[in-house]
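Asks:
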Amino acid sequence: MKLFGTVAVALAALVLAGSAAAKDASGGEKVSQVFLEKIPNIPGKSVRAFVVDYAPGGASPSHRHDKSAFIFAYVLEGEIRSKVDDGQETVYKAGEHWSEVPGAHHLVSRNASKTKPAKLLAVFVLDSDATQPTTPDSH
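Final position of the sequence shown in this note's numbering is 164; the numbers increase by one with none missing.
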């Protein structure tokens, strides 16, 4: 777990240093894949990282994660309101993190502020052949 945390912090540093993802003008969220690499010592597994930029008041639609995906989420900027499965709805501030088990149902994921942007790094460890890390709920 320590190695995974170290990888996530290193990815966060790379994202902050080299990525200037634009905010979504629609007031929602913009997802950018920033990393995809097979894990050489775990055959069939990959690490995929995404930055989610939330405009003020922006949100992601509720969704499910791939049945193979363990997720580490780290707040890079602002505050993110999150609720996964039957867990408590929680606000995470910059520098805070949480994890999600494979197949998790992410019911709430949004910027907790209506006036300031927020940014999240989501690191997935999942099957290398997984083609859709998240699937939006059908409404």
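We treat Cβ as the ideally placed atom computed from N, Cα and C, and that holds for glycine. All values reported here derive from a predicted model rather than from experimental measurement.
In or out: Gly103 buried (at least 16 other Cβ within 10 Å) or exposed?
Replies: buried
Asks: Tell me whether the beta-carbon of Gly69 lies closer than 8 Å to the beta-carbon of Asp152.
Replies: yes
Asks: With burial defined as no fewer than 16 other Cβ atoms inside 10 Å of the residue's Cβ, what is the status of Ser163: buried or exposed?
Replies: exposed
Asks: Please tell me whether Ala94 and Pro65 are closer than 8 Å, where the distance is taken between their beta carbons.
Replies: In this structure, Pro65 does not lie closer than 8 Å to Ala94 by Cβ.
Asks: Would the region 52-61 count as touching the region 99-119 if we require 3 or more Cβ pairs under 8 Å?
Replies: no
Asks: In chain order, which beta strand (DSSP E) runs of at least 3 residues are fully inside the region 40-105?
Replies: 54-63, 70-79, 88-90, 95-102
Asks: Buried or exposed, going by whether 16 or more other CB atoms sit within 10 Å of the CB of Asp78?
Replies: buried
Asks: Of all the options Lys63, Ile67, Ile105, which has the alpha carbon lying nearest to the alpha carbon of Lys139?
Replies: Of Lys63, Ile67, Ile105, the residue nearest in Cα terms is Ile105.
Asks: Would you kindly report the start and end of the unbroken beta strand (DSSP E) that includes Thr160?
Replies: Start and end: 159-161.
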